[in-house]
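Numbering of the sequence shown is given in this note's numbering, commencing with residue -10 and proceeding in unit increments.
Every residue gets a Cβ at the ideal spot worked out from N, C-alpha and C, and that includes glycine.
Before any comments, here is the structure.
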Amino acid sequence: MRRKDYYAELAKKKGYPARSVFKLQEMQKRFRIVKPGFRILDIGSSPGSWSQFCLEILSGRGKVVGVDLIKQALFLKSKGNYHFIEGSIFLSNIERRIVDLGPYDLILSDAAPATSGNRTVDTQASLNIGYKVLQIVELSLVRGGGLVVKIFQGGGEGEYLKNLRRKFEKVRIFKPQASRKGSKEVFFLGFGLK
Ligand SMILES: C[S@@+](CC[C@H](N)C(=O)[O-])C[C@H]1O[C@@H](n2cnc3c(N)ncnc32)[C@H](O)[C@@H]1O
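Laid out in structure tokens, this is it:
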């Protein structure tokens, strides 16, 4: 029998579509990244728990723009301040729609590639997403804005961090308790886009 996953059970109980909400909740507790009135871009947003969490904090003010390869079904609860873009952030028409709905005070990326099991391949794919997120930051994050981006550790993340330190006033590295055991994911947070 499979052991029950504490965070998956808790997400179900609290009405979130994914256990990943607790990673954002931990970051929120520690760094207070989401603030009422913010315009937020949520990259890799499906099935929608981060967007839902943000909408709850915004409570009708500001907005959340979610983007993902897969459609998400949240959003009956939102009151017109939620937008969803279906498609890959690597496509120029998707990037254009993201930029058109901006600018943003905060960009979140929990986007992850479909894992192949080959660590080198998966790490590189995750970094590729991370670098694409930085391009979107350049195009649509306000000066002083914040970033949360997930990266799979395994090589290359040091160089990525250097990039972040050049762009942001302050950078933090965070490994949530809610990450699955053995997961190589880590979250980089940038505060105050220069
Ligand atoms: C871990 S899930 C995100 C969970 C989400 N934060 C939540 O709480 O519901 C990662 C998501 O990244 C998306 N993704 C991966 N590559 C992407 C890309 N190139 N463009 C947009 N979304 C992408 C996947 O489709 C997947 O839904």
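Assign residue i to one of two classes, buried (16 or more other C-beta atoms within 10 Å of its C-beta) or exposed (fewer than that).
i, result
"residue 144", "exposed"
"residue 1", "exposed"
"residue -5", "exposed"
"residue 137", "buried"
"residue 100", "buried"
"residue 42", "buried"
"residue 57", "buried"
"residue 89", "exposed"
"residue 52", "buried"
By the three-class DSSP mapping on this structure, what secondary structure does residue i have?
i, result
"residue 60", "coil"
"residue -7", "coil"
"residue 155", "helix"
"residue 5", "coil"
"residue 90", "helix"
On a CA-only basis, which of the options is nearest residue i? Give me that one, please.
i, options, result
"residue 122", "53, 10 and 77", "77"
"residue 102", "115, 92, 94 and 90", "115"
"residue 94", "-2, 182, 146 and 39", "182"
Between the C-alpha atoms of residue i and residue j, what's the straight-line distance to the nearest angstrom?
i, j, result
"residue 131", "residue 113", "28 Å"
"residue 87", "residue 170", "33 Å"
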